[in-house]
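S.K.:
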Amino acid sequence: MTEYQSLLVEQQGHIAHIRINRPQKINAMDAPFWDEMVRAFDWVDQTDSVRVAVISGEGKHFSAGIDLSLLAQAASGMGSDIGRNAERIRRNILRLQKAFNAVDYCRKPVIAAIHGYCIGGAIDLISACDMRYASRDAVFSIKEIDMGMAADVGTLQRLPHLIGDGIMRELAYTGRNFDAAEALRMGLVNQVYDDHGALLEEVMQLAHTIAGKSPVAIRGTKEMIRFARDHSVEDGLNYIASWNASMLQSEDLKLAMQAHMTKKNPEFKD
Numbered sequence: 001m002t003e004y005q006s007l008l009v010e011q012q013g014h015i016a017h018i019r020i021n022r023p024q025k026i027n028a029m030d031a032p033f034w035d036e037m038v039r040a041f042d043w044v045d046q047t048d049s050v051r052v053a054v055i056s057g058e059g060k061h062f063s064a065g066i067d068l069s070l071l072a073q074a075a076s077g078m079g080s081d082i083g084r085n086a087e088r089i090r091r092n093i094l095r096l097q098k099a100f101n102a103v104d105y106c107r108k109p110v111i112a113a114i115h116g117y118c119i120g121g122a123i124d125l126i127s128a129c130d131m132r133y134a135s136r137d138a139v140f141s142i143k144e145i146d147m148g149m150a151a152d153v154g155t156l157q158r159l160p161h162l163i164g165d166g167i168m169r170e171l172a173y174t175g176r177n178f179d180a181a182e183a184l185r186m187g188l189v190n191q192v193y194d195d196h197g198a199l200l201e202e203v204m205q206l207a208h209t210i211a212g213k214s215p216v217a218i219r220g221t222k223e224m225i226r227f228a229r230d231h232s233v234e235d236g237l238n239y240i241a242s243w244n245a246s247m248l249q250s251e252d253l254k255l256a257m258q259a260h261m262t263k264k265n266p267e268f269k270d
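So for the sequence shown, UniProt numbering puts the first residue at 1; every next one is plus one.
#1: Measure the CB-CB distance between Gly59 and Pro23 and report whether it falls below 7 Å.
#2: State the beta-bridge partners of Gly57 as determined by DSSP.
#3: For Val203, does the count of other Cβ atoms within 10 angstroms reach 16, so buried, or fall short, so exposed?
#4: So the beta strand (DSSP E) Ala113 belongs to, where does it begin and stop?
#5: For Tyr133, does the three-state DSSP call read helix, strand or coil?
#6: Starting from Val139, trace the alpha helix (DSSP H) both ways and give me its first and last residue.
#7: What residue does the alpha helix (DSSP H) around Glu10 start on, and which one ends it?
#8: Give a yes or no on contact between the region 115-135 and the region 56-76, applying the rule of three or more CB pairs nearer than 8 Å.
#9: Do three or more CB pairs link the region 146-166 to the region 90-107 at distances below 8 Å?
#10: Return the first residue and the last residue of the alpha helix (DSSP H) that Gln46 is part of.
#11: Cα-Cα, which of Gln249, Thr2, Gly175 is closest to Ser214?
#12: Using 8 Å for Cβ pairs, my map puts Val139 next to Asp179. What's the rounded Cβ distance?
#13: Candidates Met37, Cys118, Leu206: which alpha carbon is nearest Ile18's?
#14: Under a three-way DSSP split, which group does Phe227 fall into?
#15: Helix, strand or coil for Phe62? Go by DSSP, reduced to three states.
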C-alpha cells in the first residue's frame with residue numbers, strides 16, 4: 001500500500017480505516033494531507049474489496065483543521081500583481097477542495113468518527129462524509145470567521161443540507177464552539193458515545209453491517225442520495241429509473257431475495 005506522511009491507511013476486511021496521523025500537531029492538515037486524501041480515496045474507490053471507509057483521528061483529537069503554516073506560506077508567496085495573485089490563490093483553493101470532493105464522490109459510504117477537536121477544515125471534511133458519529137468530548141467550530149476568511153473547502157456548500165440554513169449561518173457567522181450534544185440535536189452527528197473507544201467500536205460495527213450489503217445496491221443508493229441533493233425530485237426519479245434499468249439485473253438482487261426467503265445472511269461478491 002502507498003506510504004503516507006499525514007495519514008494512516010489500512011484495510012480491515014471490507015473496511016478501509018483512514019486516520020489523520022499528526023497527533024503532535026492536533027492532526028492539523030498540513031501540505032501533504034491534501035494530496036494524500038485524494039490518493040487514499042482514489043484507492044478506496046478503485047479497490048473492490050473495500051466496501052466502506054471510516055475516517056478518524058489519532059491521539060486526543062479528530063483534527064484542528066488546516067495547518068496555519070499553510071496560510072502563512074501562501075501569504076509569503078504573493079507578488080505585486082493582483083491578478084496573478086488572485087489566480088494563484090484560486091487555483092490552490094480548488095486543489096484543496098479536491099481532497100474533500102474525493103470523499104463526497106467516493107462510490108463507497110464514508111463514516112466519520114469524531115473525538116476531541118473538530119475545528120475549521122475538519123468541519124469541511126466531515127460535511128463531505130455520509131454519516132458522522134462523535135464521542136461526548138467532541139468540540140466543533142466553523143472557525144474560519146475568526147481567521148478573517150470564509151470557509152472555502154465545502155462547509156458552506158454542504159452543511160446546510162445536513163443541519164439547515166439558519167443554524168449553519170449562526171455557526172458560520174459566530175465561529176462559536178458547540179459540543180457533541182448540540183451536534184446531535186441539530187443532526188450533524190447521528191449518535192454520541194461516552195468515549196473514543198466506544199465510538200470506534202460502534203462505528204466499526206456499523207461499517208461491518210453496511211459492508212455485508214450488496215455493493216451494487218450500496219453504490220446505487222449513495223449515488224441517488226448525492227444526486228438528489230443537487231437536483232430536482234423529477235430529475236432524481238428519472239435518474240433512478242435509468243440506473244435501476246441495468247442494476248436490477250444484478251445477481252445481487254436474486255441472492256438477496258433468496259436469502260430473505262430462507263432467512264440466511266447473503267454473501268455478495270466484491
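Idealized CB from N, CA, C, for every residue including glycine.
M.R.: Put simply:
#1: Contact flag set, yes.
#2: Bridge partners of Gly57 according to DSSP: Ile20.
#3: Buried.
#4: Taken as a continuous stretch (DSSP letters only), the beta strand (DSSP E) holding Ala113 covers 110-114.
#5: Looking at Tyr133 - three-state DSSP - the assignment turns out to be strand.
#6: Counting along the chain, Val139 sits inside no alpha helix (DSSP H); it lies in the beta strand (DSSP E) bounded by residues 139-141.
#7: For Glu10, no alpha helix (DSSP H) run applies; the uninterrupted beta strand (DSSP E) run containing it begins and ends at 7-12, by DSSP.
#8: At 8 Å Cβ cutoff, the stretches touch.
#9: Contact between the region 146-166 and the region 90-107 is established, with three or more Cβ pairs separated by less than 8 Å.
#10: Start and end: 31-46.
#11: The closest CA to that of Ser214, considering only Gln249, Thr2, Gly175, is found on Gln249.
#12: With a contact defined as Cβ atoms closer than 8 Å, Val139 and Asp179 qualify at about 6 Å.
#13: It is Met37 whose Cα lies nearest to the Cα of Ile18.
#14: Secondary structure of Phe227 (DSSP, three-state): helix.
#15: Looking at Phe62 - three-state DSSP - the assignment turns out to be coil, as it is neither helix nor strand.
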